[in-house]
Every structure is written in C-alpha cells, then in structure tokens.
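Peer 1: Just passing along the structure, written as structure tokens.
2 protein chains.
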Amino acid sequence: MQLLDGKKISQEIRNEIAAEVKKLKNKGKKVPHLAAILVGDDGASQAYVSSKVKSCQEVGFRSSLIKLKKDITQNELLTHINLLNNDDSIDGFIVQLPLPKHINEQKVLLCIAPEKDVDGFHPVNIGRMTLNIPCYIPATPKGILEILKRYKIETEGKHCVVIGRSNIVGLPISILLARKGYPGNCTVTLCHSKTENLKEETLRADIIIAALGKSEFLKANMVKKGAVVIDVGITRVEDETKKSGYRLSGDVDFDDVSKKAGYITPVPGGIGLMTVVSLLQNTLSAAKEEFYKKTLSFNVEEDF
Amino acid sequence: MQLLDGKKISQEIRNEIAAEVKKLKNKGKKVPHLAAILVGDDGASQAYVSSKVKSCQEVGFRSSLIKLKKDITQNELLTHINLLNNDDSIDGFIVQLPLPKHINEQKVLLCIAPEKDVDGFHPVNIGRMTLNIPCYIPATPKGILEILKRYKIETEGKHCVVIGRSNIVGLPISILLARKGYPGNCTVTLCHSKTENLKEETLRADIIIAALGKSEFLKANMVKKGAVVIDVGITRVEDETKKSGYRLSGDVDFDDVSKKAGYITPVPGGIGLMTVVSLLQNTLSAAKEEFYKKTLSFNVEEDF
C-alpha cells in the first residue's frame, strides 16, 4: 500500500505557485488577489476560510475576507457579490458554503461572475468542464485529478466508482474521469443513495472515490485488492482526547481499507489539502486570464 | 418484448404541441418561431433539417431555413448567428451539425445566445442541466427521457449503461439518468472507446443506451434478459433494394436483441423521431420564456 500524500504534494504545488508569484512580481505585475465571503459563524466554515486565507499569504497572494452576519438578507449578500464582480483589484472570489437556510444558494452562485468564479460552481464553468472547454474546475475534483497525476496513476480503461453525486464533488469528478485525456478515459460508475448493491459496484472498481459524507463508511470488504482509494469525506467526530473536542474522520475506514488498497489518501493530510491548493491554482489562472479575458463580457467568448 | 414506439409517442407529443399553439393563437399571441442554419449540401444534414422544418409546419410553428454555402467563412457564419441572436421575431434556432472542417464548431456553438439555444449545446445550458437547473436539454437525451416516462419505465435504482460519450447524447444522458427525480436516480456507468470488457458492463445493465454510432453493434449476447434497450444510432447503410440506395441502421442488432430485451426502440421509428419533437418542445419553451426572460441579459439570471 502506498500513501497518496496530500501534505507533500500540496506543499510541492504551493512552492510552484509561490515561485510563479515571485516571477509576476519581478515583472512588475500585481499579485493574484482572492476574496472570500463568510456568512455567519459556523465553526467548520470559519476553519476552512481561515485555512484558505492563510494559504494565500503563504504563496504571496493578496487576500480579503468579508465576514457577514448570519442574518444578512439575500439581497444584501447579492449586493456584496456584485461589488466583488465589479472590483478590478480582485481576480477571483468564493462564497463559503453552506449558507444560512433563508438564503437560496443557487441564486447566490448564479450571481458570481463566471470569470471570477474560482470555485468553479457557476453553470458556465460546470458547462465548460462538461464539454471539456478550458475553465475553472471545482477545487476538490481538481485536487483529485492532480494527486492522481503527480503519482502517475494509470487511469485509461480503469473502472472508477464514485460514491456520492454532489454538485461540488461526486458529479463533477465522475464527468472529469470519463473525459478524454489524462487523468481520464476511465469507465465511470456514479453511485448514490438510490444505488442498489453498492458493495457489488465498489468491489469491481480499480479506483474508488468516496464522497458521500459518512464517517468510515467504506470498509475493506467493499474494496478490491490493489484498488486506488480516494477519500473525500471530512466529518468532525467528537473526541474527548483532543483539545478541540473533535477529530476529522473520512468516508473511508482507513485502518481497515489500507490493508487492502494499492493506494490510499489519508484524512487529514489528503484531499482536503489538495482542495485548498486547487483554489490557489484557480486564482492564479484568474490573475493570468487563462480562461477569460477581463475586459470582455464572458458571453462574447472571444477569448476561446 | 414491448416495442418503445417513437412514432406513436412523437405523434402524441406533436398533437399536444399543436393544441398549445392553437391556444397561443386564440389568446392573440404569436406562434413559436424556429430558425435553422444549414451549411453545405450534405445529404443526411439536409434530410434532418427538412424533417425539422416540416415538423414545425405540422404543429403550427413558424420556421425559417437559412441555407449557406459550404465554403462560407467562419466569420460570415458568426455574423449570421448574431443576426438571429438579435432578431426578436425568432424564439430559438439551431445550427445543423456537422459543420465543414474549416469551421470551429465549438466557437460557433459558443456564439449562440443561450436563451435561443434550443439544441441545448451551449455551456450555459449544459451547465444548468448538470446542476439540475431548468434549461433546454439536448434534444436526443430529452427524447430518451420522454419515451421512458411515457412508457412508465421504472428507473430508480436501476443500473444503466451508456455506450458512447459524445457531448450531444452519451455524456448528457449519463448525467440526466443519474440525477435525482424521475426519470433518473439510476446507477449510471458511462462506457466509451477506452472501456475494457464492454460486454461485461452491458450484461449487468437494466437499461442500455447505445449511442456509439456503429451499425448493429449491440448483440443479444451482450444484453441481460428483460433489459430496456434504447437505440440512438442512425447510420446510413448502402441498400440496393431501396429507392434511395440506402437504409437507416441503428447501433442495435434489432432482430437479435429484440428476442431478449424487455423493451426496445426500433430504427427508424424510435429515438430519431423523439429527437425532432424534443426540439419542438424546446422551441415552445423558448416562446413561453420558460427558462430565460427575453428582456434580460442571460447572465443576470433574475428569472431563476
């Protein structure tokens, strides 16, 4: 069994990004600038946003954190988003999810200008991704592709089983791994809550992406010997022995599955860290105008 | 074995659409107006476009056919598209594919205003479809969903194998059948040219969508007894006994597979006819502004 070391790989990528930022500076260009909107005071959301802001600082990006009260109205939030859409100093921004229940998440995501949508959640970016047109890829799926690539894991013709069909992980990674190119060309089966005989599916998989959000769901008896196991889950589980009162747990029973898997990502130290650097990569792409020219309206598409 | 009768179902839908058009007329509203751009003189493309125009007439739509020479430049074609984008009298339009080799199809599709993109090929519509936001669904996958629905075929928890990952059929139907709702909630496996042991996959399928474009590819020994078999292929095969010199052949060996399948679509008389009525349905949706308000720029998304 080989560990897919998100800590090591994400640090490599951070170093590469930091080197690029230095080059930009040396050329007299401005450094990439990521903004994040955080609504409310959910502990996990605060932790995620803090880690994103800290990562920006480490690679030399500018970052702005906009904290809004949890009882903000939807219209007030949309006003903040429009300010960021029209702020030339900001290359990309994210709205940390989940949002309070009184706010329509889809409406909020649709308001983000696609050219600044570094989370890659807007239909324009999801559509481009599906059609294999260059765009921001959602951070978690992008991080999965990157770790497969850095470990040179063969994907062509492999059977990949994705567990979970969320818009931000399961569904996009199922599309990405079936695309032409590398990493891709997998035969992909997308499983979810309505799947019957899930174990029968996972036992046939060369690559398993566990993204259902159930702590230690995947056991060794569900995994073929030598399979590549990617654990996307990050659940906070109460743990009195920890100072914080909790520990992070994945969707994979690591101790059990690691005896049988060929490759496996740990939690923490796996896909979570890859997700954060993917966001940095997308922000760098935004600053370099890789997918959209800033001076053009995105629906003109002259840049493609 | 029960035949999934595209002729019967598509006629039912035409009657429903014609009734709606009458109602619109009675209310003093204008009738839906579809335009089609045809570049060059490919026989199959001419036949498809003619059948679309004829279908418009049958249900009471207005239609416009814009025939362009095969040596038209890309920029000239884009100019024609922009005219249609800005022509208030036209509710929706299509550009018949394939286009001549010197024209970049993707660039052309990106130029179509998403609110008039009744083929549903633009990234904005594909992205909305992927995220389950109301939009134009590409005509062939839409036709497949419709025929499953009209025959009340159970899909939840069923294992569906899609053969072929084209942007206009295989990929979107794989996404649609895995979505929540009905028809959907399938466990979907997307297979393609890089899939190993395709027969092993198809033998496990409750529903098979054959969309690879190889005449009579799917044989009975690849199909589980009682499976639902949807044949998307339409290939012209030379046939001296026919006046036209050819006959239409599907991706499924009908005589062989029909002995084993529970339900099966014929070619012709199956999904091809459903595709044409799906285009009519999308055009009706455009005229009724179901997904986009015409007075608003589509990226404002106030209509959602």
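Residue numbers (my numbering), protein chains in the order written: chain A, 98 to 401; chain B, 98 to 401.
Cβ atoms here follow ideal geometry from the backbone N, Cα and C, with glycine treated the same way.
1. What's the gap between the Cα of A:Val136 and the Cα of A:Lys166?
2. Checking contacts by CB at 7 Å: is A:Ala59 closer than that to chain B?
3. Compare the beta carbon distance of B:Ala307 and B:Val266 with 7 Å and say whether it is the shorter of the two.
4. Is it a yes or a no for the segment 277-292 of chain B touching the segment 319-328 of chain B, going by three-plus beta-carbon pairs under 8 Å?
5. Which residue spans inside the segment 254-302 of chain B form an unbroken beta strand (DSSP E) run of at least 3?
6. Within the 7 Å Cβ cut-off, does B:Leu242 reach chain A?
7. List the residues that DSSP assigns as beta-bridge partners of A:Ile163.
8. Nearest-angstrom Cα distance between A:Gly369 and B:Lys149?
9. Kindly indicate which three-state DSSP category B:Ala144 falls into: helix, strand or coil?
10. Would you kindly check if the distance between the Cβ of A:Ile244 and the Cβ of A:Val259 is under 7 Å?
11. Which of the three DSSP states is assigned to B:Ser346 in this structure?
12. Is it the case that the segment 126-144 of chain A contacts the segment 376-384 of chain A, given that we only count it when at least three CB pairs across the two stretches are under 8 Å?
13. So which residues on chain A does B:Glu293 lean against when the C-beta distance must stay under 9 Å?
14. Quick check on A:Val334: buried or exposed, where buried means 16 or more other Cβ atoms within 10 Å of its Cβ?
15. A:Thr299 to A:His256, Cα distance in whole Å?
16. Indicate whether A:Ile331 and A:Leu345 have their beta-carbon atoms separated by less than 7 Å.
17. Whether or not the segment 111-131 of chain B and the segment 152-164 of chain B are in contact is what I'm after, with contact meaning three or more pairs of Cβ atoms, one per stretch, closer than 8 Å; do they touch?
18. Check each residue of the segment 207-241 of chain A: if its Cβ is closer than 9 Å to any Cβ of chain B, include it; give the result in chain order.
19. Let me check you understand the geometry: is the CB of B:Ile134 closer than 6 Å to at least one non-hydrogen atom of the ligand NAD?
20. Based on Cα-Cα distance, which residue from A:Asp216, A:Gly217, A:Cys208, A:Arg225 lies nearest to B:Pro220?
21. Taking a contact to mean a Cβ-Cβ separation below 7 Å, would you say B:Cys208 touches B:Ile178 in this structure?
22. On the premise that A:Asp328 lies in contact with A:Val364, defined as a C-beta separation below 8 Å, what is that separation, rounded to the nearest angstrom?
23. Determine whether the beta carbon atoms of B:Asn65 and B:Pro211 lie at a separation below 7 Å.
24. Quick one: list the residues of chain A neighbouring B:Leu268, beta-carbon separation under 8 Å, in chain order.
25. Could you tell me whether the Cβ of A:Asn172 comes closer than 7 Å to any Cβ of chain B?
26. Using a Cβ-Cβ cutoff of 9 Å, what residues of the segment 371-383 of chain A are near chain B? List them in chain order.
27. For B:Ser147, does the count of other Cβ atoms within 10 angstroms reach 16, so buried, or fall short, so exposed?
28. Alpha carbon to alpha carbon, what distance is there between A:Val215 and A:Ala384?
29. Ignore the nearest five residues each way along the sequence and tell me which others in B:Leu180's own chain have a CB closer than 8 Å to its CB.
30. Does A:Glu398 pass the burial test, meaning 16 or more other C-beta atoms within 10 Å, or should it be called exposed?
31. Return the bridge partner residues of A:Asn192 from the DSSP annotation.
32. Please confirm whether A:Lys291 and B:Glu253 have their CB atoms less than 7 Å apart.
33. Counting C-beta neighbours from all protein chains within 10 Å, is the total for A:Gly40 16 or more, i.e. buried, or is it exposed?
34. Ignore the nearest five residues each way along the sequence and tell me which others in A:Lys164's own chain have a CB closer than 6 Å to its CB.
35. Using beta-carbon positions only, say whether A:Leu309 and A:Gly261 come within less than 7 Å of one another.
Peer 2: In short, the structure shows the following:
1. Walking along the first sequence from the start, residue 136 of chain A turns up at place 39. Walking along the first sequence from the start, residue 166 of chain A turns up at place 69. For A:Val136 and A:Lys166, the distance between alpha carbons rounds to 6 Å.
2. What is shown of chain A runs 98 to 401, which leaves residue 59 of chain A out entirely.
3. Here residue 307 of chain B refers to the residue found at position 210 of the second sequence. Here residue 266 of chain B refers to the residue found at position 169 of the second sequence. No. Outside cutoff.
4. Verdict: no, contact absent.
5. Those beta strand (DSSP E) runs which fall completely within the segment 254-302 of chain B and span 3+ residues are 256-260, 284-288.
6. If you number the second sequence from 1, residue 242 of chain B lands on position 145. Taking Cβ atoms only, chain A never reaches closer than 7 Å to B:Leu242, which makes this a no.
7. Reading the first sequence from its first residue, position 66 is the one you call residue 163 of chain A. A:Ile134.
8. Mapped onto the first sequence, residue 369 of chain A falls at position 272. Mapped onto the second sequence, residue 149 of chain B falls at position 52. Distance between the alpha carbons of A:Gly369 and B:Lys149: 50 Å.
9. Position 47 of the second sequence, counting from 1, holds the residue named residue 144 of chain B. Correct three-state label for B:Ala144: helix.
10. As a first step, residue 259 of chain A must be located in the first sequence, where it is residue number 162. As a first step, residue 244 of chain A must be located in the first sequence, where it is residue number 147. For A:Val259 and A:Ile244, no; Cβs fall outside 7 Å.
11. Translated into positions along the second sequence, residue 346 of chain B becomes position 249. The answer is strand: DSSP assigns B:Ser346 an E or B state.
12. Touching, yes.
13. Along the second sequence, read from residue 1 onward, the residue named residue 293 of chain B stands at position 196. Within 9 Å Cβ-Cβ: Gly254, Lys255, His256, Thr284.
14. Against the first sequence, residue 334 of chain A aligns to sequence position 237. The residue in question, A:Val334, is exposed, as its Cβ has fewer than 16 Cβ neighbours within 10 Å.
15. Walking along the first sequence from the start, residue 299 of chain A turns up at place 202. Walking along the first sequence from the start, residue 256 of chain A turns up at place 159. Between the alpha carbons of A:Thr299 and A:His256 lies a distance of about 10 Å.
16. Within the first sequence, residue 331 of chain A is the residue found at index 234, counting from 1. Within the first sequence, residue 345 of chain A is the residue found at index 248, counting from 1. The beta carbons of A:Ile331 and A:Leu345 sit closer together than 7 Å.
17. The answer is yes - the segment 111-131 of chain B touches the segment 152-164 of chain B, with three or more Cβ pairs under 8 Å.
18. Across the segment 207-241 of chain A, CB contacts with chain B closer than 9 Å involve Leu207, Cys208, Ala210, Pro211, Phe218, His219, Pro220, Val221, Asn222, Ile223, Gly224, Arg225, Met226, Thr227, Leu228, Asn229, Ile230, Cys232, in sequence order along the chain.
19. The ligand content of the structure shown is nil, which means the ligand NAD is not present either.
20. By 1-based counting over the second sequence, the position of residue 220 of chain B is 123. Nearest C-alpha to B:Pro220 among A:Asp216, A:Gly217, A:Cys208, A:Arg225: A:Arg225.
21. In the second sequence, counting from the first residue as 1, residue 208 of chain B sits at position 111. In the second sequence, counting from the first residue as 1, residue 178 of chain B sits at position 81. Between B:Cys208 and B:Ile178, the C-beta gap is smaller than 7 Å, which places the two residues in contact.
22. Taking the first sequence and counting its residues from 1, the one referred to as residue 364 of chain A is at position 267. Taking the first sequence and counting its residues from 1, the one referred to as residue 328 of chain A is at position 231. Between A:Asp328 and A:Val364 the Cβ distance is about 5 Å, and since that is below 8 Å, they are a contact.
23. In the structure displayed, chain B extends from 98 to 401; residue 65 of chain B sits before or after that span and is not available.
24. Indexing the second sequence from 1 puts residue 268 of chain B at position 171. For B:Leu268, the chain A residues whose C-beta falls within less than 8 Å of its own C-beta are Thr227, Ile272, Ala275, listed in chain order.
25. Along the first sequence, read from residue 1 onward, the residue named residue 172 of chain A stands at position 75. With 7 Å as the cut-off, A:Asn172 does not count as an interface residue toward chain B.
26. Under the 9 Å Cβ criterion, the segment 371-383 of chain A contributes no residue.
27. For the purposes of this step, residue 147 of chain B is taken as the residue at position 50 of the second sequence. Residue environment: B:Ser147 is assigned as exposed (fewer than 16 neighbouring CB atoms within 10 Å of its CB, all protein chains considered).
28. Your numbering for residue 384 of chain A matches position 287 in the first sequence. Your numbering for residue 215 of chain A matches position 118 in the first sequence. Straight-line Cα distance between these residues: approximately 10 Å.
29. Here the question's residue 180 of chain B lines up with position 83 in the second sequence. Listed in chain order, the non-local C-beta contacts of B:Leu180 below 8 Å within the same chain number zero, local neighbours out to five positions each way being set aside.
30. Here residue 398 of chain A is taken as the residue at index 301 of the first sequence, counted from 1. With a pLDDT of 40 at A:Glu398, under the threshold of 50, the predicted position of this residue should be treated as unreliable, though the coordinate-derived value follows. Buried: at least 16 other Cβ atoms inside 10 Å.
31. Here residue 192 of chain A refers to the residue found at position 95 when the first sequence is read from its first residue. The amino acid at residue 192 of chain A is misidentified as Asn; the sequence shows Val. DSSP, once it has assigned bridges, lists A:Ile134 as partnering A:Val192.
32. One-based indexing of the first sequence puts residue 291 of chain A at position 194. One-based indexing of the second sequence puts residue 253 of chain B at position 156. Closer than 7 Å, so yes.
33. Absent from the model: residue 40 of chain A. The displayed extent of chain A is 98 to 401, so no value can be given.
34. The residue you call residue 164 of chain A lines up with position 67 of the first sequence. Hits under 6 Å: Leu135.
35. For this step, residue 309 of chain A is matched to residue 212 along the first sequence. For this step, residue 261 of chain A is matched to residue 164 along the first sequence. In this structure, A:Gly261 lies closer than 7 Å to A:Leu309 by Cβ.
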